[in-house]
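Enquirer: The structure is given below, and queries will be raised subsequently.
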Amino acid sequence: MLTEVLSDHPGRQLRRTEGAIERHHRDVAAHAAAVAGLRARHAAARRWWQLVKRLKQYFEVRALEAGAPVVDPALLHRRAQQEAGVRAEDTVTHALGELPDTWLLFRGYTNRKGEIDHLVVGPGGVWAIEVKGRNVRVHVQGDHWSFEKYDRYGNLVEQGALTDRGGRGWGRQVGEPAFALQTFLATRGVHTVVRTAVAVINDRASLGVLDDCPIDVVSIGTHGLLDSIRAQGRVLDAGTCREIAALIRRDHAFHQQRRGPRAR
Numbered sequence: 001m002l003t004e005v006l007s008d009h010p011g012r013q014l015r016r017t018e019g020a021i022e023r024h025h026r027d028v029a030a031h032a033a034a035v036a037g038l039r040a041r042h043a044a045a046r047r048w049w050q051l052v053k054r055l056k057q058y059f060e061v062r063a064l065e066a067g068a069p070v071v072d073p074a075l076l077h078r079r080a081q082q083e084a085g086v087r088a089e090d091t092v093t094h095a096l097g098e099l100p101d102t103w104l105l106f107r108g109y110t111n112r113k114g115e116i117d118h119l120v121v122g123p124g125g126v127w128a129i130e131v132k133g134r135n136v137r138v139h140v141q142g143d144h145w146s147f148e149k150y151d152r153y154g155n156l157v158e159q160g161a162l163t164d165r166g167g168r169g170w171g172r173q174v175g176e177p178a179f180a181l182q183t184f185l186a187t188r189g190v191h192t193v194v195r196t197a198v199a200v201i202n203d204r205a206s207l208g209v210l211d212d213c214p215i216d217v218v219s220i221g222t223h224g225l226l227d228s229i230r231a232q233g234r235v236l237d238a239g240t241c242r243e244i245a246a247l248i249r250r251d252h253a254f255h256q257q258r259r260g261p262r263a264r
């Protein structure tokens with residue numbers, strides 16, 4: 001399968017976080033050097049009989065040490081989450097590579113309703129895939145997506161809703177931009193269904209309740225996703241696939257231009 005990267009939002013986020021952590025590390029190193037320099041200056045200036053001066057210098061060093069910067073734990077947690085997301089997307093890309101070169105994968109397609117992590121175009125149709133890297137048990141009840149998280153001993157340690165920053169459940173997160181793409185294609189004379197999938201890529205992830213699912217596929221790992229794509233009969237010929245691919249590039253470029261250079 002051929003792959004085309006339209007944008008790399010997860011990678012960009014990870015690089016931004018790593019840059020912030022690196023700046024924190026530089027601040028920590030600079031502060032440590034300042035403390036060491038102050039100690040050295042004090043050692044060179046004081047004499048053993050100058051007890052008051054030594055006490056003053058001691059408290060001066062302690063005051064400087066008390067202001068030592070530390071790396072924000074929230075940044076480290078964010079980096080771990082972002083690294084898991086990038087690994088998950090790369091895993092799905094690698095798995096989709098098993099499809100023949102009659103298929104084309106777009107990474108990072110964006111329209112007015114949001115970003116689609118993986119957008120696949122081929123003989124079996126158009127597939128919009130949202131990729132997640134959470135180590136949770138996923139429950140789907142219509143538009144309500146929720147999770148339970150267990151520790152390695154089987155104890156429930158966390159639960160809640162699975163939503164994006166805008167409050168959309170994972171199904172709507174992929175479904176809304178997929179439907180917007182389907183509508184755009186139709187206005188350009190290409191009438192096809194954009195199928196939707198959520199792939200959860202984590203060795204400790206599992207699927208719980210699945211009731212009235214609003215999307216076509218919920219896959220824990222990549223096997224269910226690939227099986228579903230392969231199970232589709234031939235619905236698009238090569239010419240239509242090329243036409244859809246060209247329209248996807250055009251639509252993505254249009255929305256990237258509207259969002260400005262920061263979106264790239």
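The UniProt record's numbering puts the sequence shown at residues 1 to 264. Heads up, the beta-carbon is just placed ideally off N, CA and C, and yes, glycines get one too.
Where does Pro-100 land, buried or exposed, given buried means 16+ other C-beta within 10 angstroms?
Expert: Taking the sequence shown and counting its residues from 1, one reaches residue 100 at position 100. By the neighbour-count rule (16 or more Cβ atoms within 10 Å), Pro-100 is not buried but exposed.
Enquirer: For Gln-159 versus Glu-148, is the C-beta distance shorter than 8 Å?
Expert: Here residue 159 refers to the residue found at position 159 of the sequence shown. Here residue 148 refers to the residue found at position 148 of the sequence shown. Cβ atoms of Gln-159 and Glu-148: closer than 8 Å.
Enquirer: For Arg-134 and Cys-241, I'd like the C-alpha separation in whole angstroms.
Expert: Stepping through the sequence shown from its first residue, residue 134 is reached at position 134. Stepping through the sequence shown from its first residue, residue 241 is reached at position 241. Looking at the two C-alpha atoms, the distance is approximately 33 Å.
Enquirer: Mind the definition here: the region 162-169 touches the region 230-238 only if three or more C-beta pairs lie below 8 Å; say whether that holds.
Expert: These segments do not touch.
Enquirer: Leu-225 and Val-235 look like a contact to me (Cβ under 8 Å); what is the Cβ gap, rounded to whole Å?
Expert: On the sequence shown, residue 225 is found 225 positions in, with the first residue counted as 1. On the sequence shown, residue 235 is found 235 positions in, with the first residue counted as 1. Between Val-235 and Leu-225 the Cβ distance is about 18 Å, and since that is not below 8 Å, they are no contact.
Enquirer: For Leu-185, which of Tyr-58, Ile-248 and Gly-169 has the nearest alpha-carbon?
Expert: Translated into the one-based positions of the sequence shown, residue 185 becomes position 185. Nearest of Tyr-58, Ile-248 and Gly-169 to Leu-185, Cα basis: Ile-248.
Enquirer: Among all the DSSP beta bridges, which residues are the ones paired with Lys-149?
Expert: The sequence position of residue 149 within the sequence shown is 149, counting from 1. DSSP output for Lys-149 lists Glu-158 as bridge partner(s).
Enquirer: Does the region 86-106 come into contact with the region 171-183, if we say contact requires no fewer than three beta-carbon pairs (one atom in each stretch) closer than 8 Å?
Expert: Too few Cβ pairs lie closer than 8 Å, so no.
Enquirer: Three-state secondary structure (DSSP) at Leu-236?
Expert: As a working note, residue 236 is residue 236 in the sequence shown. The answer is coil: DSSP assigns Leu-236 none of H, G, I, E or B.
Enquirer: As a quick exercise: from Leu-210, Ile-201 and His-118, pick the residue whose alpha carbon is nearest that of Ile-220.
Expert: Working through the sequence shown from its first residue, we reach residue 220 at position 220. For Ile-220, the nearest C-alpha among the options comes from Ile-201.
Enquirer: Tell me where the beta strand (DSSP E) around Gly-122 begins and ends.
Expert: As a working note, residue 122 is residue 122 in the sequence shown. Gly-122 -> beta strand (DSSP E) spans 114-122.
Enquirer: Which residue marks the beginning of the beta strand (DSSP E) containing Thr-196, and which one marks its end?
Expert: Position 196 of the sequence shown, counted from the start, is the residue given in the question as residue 196. 194-200 is the span of the beta strand (DSSP E), which, as asked, contains Thr-196.
Enquirer: Pick helix, strand or coil for Trp-170, following the three-state DSSP scheme.
Expert: As a working note, residue 170 is residue 170 in the sequence shown. Reduced to three states, the DSSP call for Trp-170 is helix.
Enquirer: Under 8 Å: do the region 80-88 and the region 1-21 share three or more Cβ pairs, one atom per stretch?
Expert: In this structure the region 80-88 touches the region 1-21; the number of beta carbon pairs closer than 8 Å is three or more.
Enquirer: Whole angstroms is fine: what's the gap from Ala-238's alpha carbon to Gly-122's?
Expert: Here residue 238 refers to the residue found at position 238 of the sequence shown. Here residue 122 refers to the residue found at position 122 of the sequence shown. The alpha-carbon of Ala-238 is positioned some 8 Å away from that of Gly-122.
Enquirer: When the Cα atoms are used, what is the spatial distance from Glu-18 to Ala-88?
Expert: Start at 1 with the first residue of the sequence shown, and residue 18 comes out as number 18. Start at 1 with the first residue of the sequence shown, and residue 88 comes out as number 88. About 18 Å.
Enquirer: Look at the alpha carbon of Leu-113 and the alpha carbon of Pro-73, and state the distance between them as a whole number of angstroms.
Expert: Position 113 of the sequence shown, counted from the first residue, corresponds to residue 113. Position 73 of the sequence shown, counted from the first residue, corresponds to residue 73. Here the sequence assigns Lys to residue 113, which means Leu is not the residue at that position. Distance between the alpha carbons of Lys-113 and Pro-73 is about 32 Å.
Enquirer: I need the straight-line Cα distance from Thr-187 to Asp-251, nearest angstrom please.
Expert: The residue labelled residue 187 in the question sits at position 187 within the sequence shown. The residue labelled residue 251 in the question sits at position 251 within the sequence shown. Distance from the CA atom of Thr-187 to the CA atom of Asp-251, rounded to whole angstroms, is 12 Å.
Enquirer: Could you name the residues of the same chain whose beta carbon sits closer than 7 Å to that of Val-5, not counting the 5 residues immediately before and after it, in chain order?
Expert: As a working note, residue 5 is residue 5 in the sequence shown. Once the five neighbours on either side are set aside, the close Cβ partners of Val-5 are Arg-107 and Gly-108.
Enquirer: Within the same chain, show all residues whose beta-carbon is closer than 6 Å to that of Arg-258, passing over the 5 residues directly before and after it, in chain order.
Expert: Your numbering for residue 258 matches position 258 in the sequence shown. Excluding sequence neighbours, Arg-258 sits near nothing in its chain.
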